[in-house]
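Residue numbers (the numbering used here), protein chains in the order written: chain A, 41 to 317; chain B, 41 to 317. All C-beta atoms, glycine included, are put in the ideal place defined by N, C-alpha and C. Given the structure is predicted, the values throughout are model-derived calculations rather than measurements.
Protein chains: 2
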Amino acid sequence: MTAAIRMTGATRLYAIVGDPIAQVRSPEVFSERFAAAGANAVMIPVHVPAAQFDAVIPALLALGNLDGLLVTVPFKARMLSFATRVSPAAACIGAINALRREADGSWSGDMFDGAGFVRGALAKGERLRGRNVLQFGAGGAGSAIACALVGEGVGSIRLVDADPARSAALAAALTNSFPGCDVAAASAPPAAFDMVVNATPVGMRPGDGLPGDLGALAPGVLVGDVIIAEGPTPMIRHAQQHGCNWVNGRDMHAGQIDAILGFFAPGLRLAGGQIAA
Amino acid sequence: MTAAIRMTGATRLYAIVGDPIAQVRSPEVFSERFAAAGANAVMIPVHVPAAQFDAVIPALLALGNLDGLLVTVPFKARMLSFATRVSPAAACIGAINALRREADGSWSGDMFDGAGFVRGALAKGERLRGRNVLQFGAGGAGSAIACALVGEGVGSIRLVDADPARSAALAAALTNSFPGCDVAAASAPPAAFDMVVNATPVGMRPGDGLPGDLGALAPGVLVGDVIIAEGPTPMIRHAQQHGCNWVNGRDMHAGQIDAILGFFAPGLRLAGGQIAA
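If you want it as structure tokens, here you go:
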């Protein structure tokens, strides 16, 4: 049974900011979880036009009844500087996807994208240790996933990004933080890999294709895609055509929700209780 | 039966801004009306600390999925300058309590407080023509009510405000717009009146008393109060103690809702239809 979403003058606000915003699932998922826990709180979608970002975010953080923010494309890196403090992982990644207001009014930021992706893969019975990974995209989500994959002990990561400076910078940051890891930028897919991840926005718009030239996939290749869509994305369709196991944006999102709820409201009783003061 | 309030990435936002905000009823009322009409839209409470107002409002108006604003204490006058255009009545009053986004992205403002108060009084069987009115408060709501009362043909209005310059300015503005009306500022309640209105915030906080020295009321005096509270405010209690008919903040609020819904979404079917494109 789903508890009704409430809206009163005393409702506490959490917001997800992005451009575009209509495709996001968090408002529904988090608002229902808040309601189920008996909390008078909602997650609202907030469409921040990219050109207005720097002016709008300080204003949102100044609202007296806003307790937390989620951050989606294209703002995860730009949001970092608006946090009062961030976790060491977020600092290494250079991006955050969640901010919470502390009791003193300051804002703490952290990044849950990578943890969500890893949880999604594990939930599908996959083992990540030793994998040789091809990853498209070295932006906010891509950085988080690569960082989490290194933490899981993958064998290597090759990063392909439309902006070669961005993939080189991410490889350098990860190599610096984890000296033993084998992470490098690449201008094209390597000849061999047993895991491929799309961490770009390619696949979000109708008519999009694959994020790069993949060719045929061996059945043991694990395919990941950060895009959340109604049907299978081009990347997931490619996995299905070659009999590969896959982790999509929904799996990744599901993996994040509990972690983020705990970050926002440590006292939230997931089985129908109250948010502690 | 109440339709469930929805929250998705595509939900359109309406916001009520004020400081404080937890006491407002509009989020519940409007969100339920939107839901009942099948519209994927909500009214969220937004607590804008007064010192942040000038920085926050342009940011809110820049949000891509915000279609309208309601404005409450203490921002109704300050909001006027953020509208691209306002109604002639709002221009005379010098305040607005609603803004809607037009198709070209501009913002139209209007003031519905006065109309709501008049509708509330008429719904309680009262006649306003010819009344001699004592009104406390010449701010945003007070200006709107005085303007609407003049429009209903009251006999006279005496305005008492903690800031004498404000009541004098309102009297001058109304006399200028409606040359035949008898509106004047007063430093204290006149000896005789058959209607008294509280348009100040006095009565909102526990321990508040009356907005001024009223003495005993004759039974025919109509008492109005803009404050919305759980129980009777000091003003409404005073009316009840003297057997007077009264119009409270809830009556006034109810009178406004249909008018504002029509302003926000002219195509809204109040009996369960859709918002037209």
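(1) For Asn137(A), count neighbouring Cβ atoms within 10 angstroms of its own Cβ and tell me buried if that reaches 16, exposed if not.
(2) Does any residue of chain B bring its CB to less than 7 angstroms from the CB of Asn216(A)?
(3) Can you give me the C-alpha to C-alpha distance between Gly260(B) and Cys284(B), rounded to a whole angstrom?
(4) Which runs of the beta strand (DSSP E) fall wholly inside the segment 133–186 of chain B and span at least 3 residues, in chain order?
(5) Establish whether the CB of Thr51(B) and some CB of chain A are separated by less than 7 angstroms.
(6) Under 7 angstroms between beta-carbons, which chain B residues line up against His87(A)? List them in chain order, please.
(7) Hey, is the segment 209–219 of chain B in contact with the segment 148–156 of chain B, meaning 3+ C-beta pairs nearer than 8 angstroms?
(8) Are the CB atoms of Asn172(B) and Asp234(B) within a distance shorter than 7 angstroms?
(9) So with Cβ pairs under 7 angstroms, would you call Thr48(A) a contact of chain B?
(10) Asn80(A) by DSSP, collapsed to three states: which one?
(11) Using C-beta distances below 6 angstroms, list every residue in its chain close to Val242(A), excluding the 5 sequence neighbours before and after it, in chain order.
(12) Taking C-alpha atoms, which residue in Glu142(B), Met151(B), Arg140(B) and Gly145(B) lies nearest to Ala117(B)?
(13) Quick one: is Gly149(A) buried, meaning 16 or more other Cβ sit within 10 Å of its Cβ, or exposed?
(14) Can Ile197(A) and Ala186(A) be called in contact, C-beta distance under 7 angstroms?
(15) Alpha carbon to alpha carbon, how far is Arg206(A) from Thr124(B)?
(16) Alpha carbon to alpha carbon, how far is Pro114(B) from Val95(B)? Give it in angstroms, no decimals.
(17) Whole angstroms are fine: how far does the CA of Arg277(B) sit from the CA of Met83(A)?
(18) Measuring only between beta-carbons, confirm whether Ser71(A) sits less than 7 angstroms from chain B.
(19) Under 8 angstroms by Cβ, that's how I've got Ile56(A) and Val86(A) pegged, so tell me the actual separation to the nearest angstrom.
(20) Taking a cut of 9 angstroms between CB atoms, which residues from the segment 96–130 of chain A lie near chain B?
(21) Kindly indicate which three-state DSSP category Met235(B) falls into: helix, strand or coil?
(22) Considering only their Cβ atoms, is the gap separating Phe304(A) from Gly108(A) smaller than 7 angstroms?
(23) Counting only beta-carbon separations shorter than 7 angstroms, does Ala225(A) have a partner in chain B?
(24) Would you check if the distance between the CB atom of Leu257(B) and the CB atom of His293(B) is smaller than 7 angstroms?
(25) Would you identify the three-state DSSP class for Asp298(B), choosing helix, strand or coil?
(26) So what's Ala316(A) in DSSP terms, helix, strand or just coil?
(27) Return the CA-CA distance between Gln314(B) and Gly78(B), expressed in angstroms with no decimal places.
(28) Mind pulling the chain B residues with CB within less than 8 angstroms of Arg171(A)?
(29) Using the beta-carbon of each residue, which ones in chain B are nearer than 7 angstroms to Arg65(A)?
(30) What residues in its chain sit with their C-beta under 8 angstroms from that of Gly193(B), if we drop five residues either side in the sequence?
(31) With a threshold of 7 angstroms between beta-carbons, can Gln92(B) be considered close to chain A, or not?
(32) Confirm, please, whether the CB-CB distance from Arg159(A) to Gly271(A) is below 7 angstroms.
(33) For the beta strand (DSSP E) containing Ser322(B), name the first residue and the last one.
(34) Taking DSSP's pairing of strands, which residues face Arg125(B) in a bridge?
(35) Tell me the DSSP secondary structure of Pro67(A) in three-state form.
(36) Only counting the same chain, and skipping five residues up and downstream in sequence, which positions put a Cβ closer than 7 angstroms to that of Asn80(B)?
The structure says:
(1) buried
(2) no
(3) 6 angstroms
(4) 138–141, 147–150 and 172–176
(5) yes
(6) Leu103, Gly104 and Asn105
(7) no
(8) yes
(9) yes
(10) coil
(11) Asp248 and Pro251
(12) Met151(B)
(13) buried
(14) yes
(15) 42 angstroms
(16) A small fix is needed here, since residue 95(B) is Ala in this sequence, not Val. Between Ala95(B) and Pro114(B), the C-alpha separation is close to 16 angstroms.
(17) 39 angstroms
(18) yes
(19) 7 angstroms
(20) Val96, Ile97, Pro98, Ala99, Leu100, Ala102, Leu103, Gly104, Asn105 and Leu106
(21) strand
(22) yes
(23) no
(24) no
(25) helix
(26) Note that Ala316(A) has pLDDT 35, beneath the 50 cutoff, so the model's placement of it is unreliable and the number below is only indicative. Note: Ala316(A) maps to coil in three-state DSSP.
(27) In this prediction, Gln314(B) has a pLDDT of 36, which is less than 50 and means its spatial position is unreliable; nothing more can be read from the coordinates.
(28) None at all; the shortest Cβ gap to chain B is about 32 angstroms.
(29) Gly49
(30) Leu168, Arg169 and Gly170
(31) yes
(32) no
(33) Because residue 322(B) is not part of the residues shown, which for chain B are 41 to 317, the question remains open.
(34) Ser148(B)
(35) helix
(36) Arg46, Thr48, Ala50, Thr51 and Arg52
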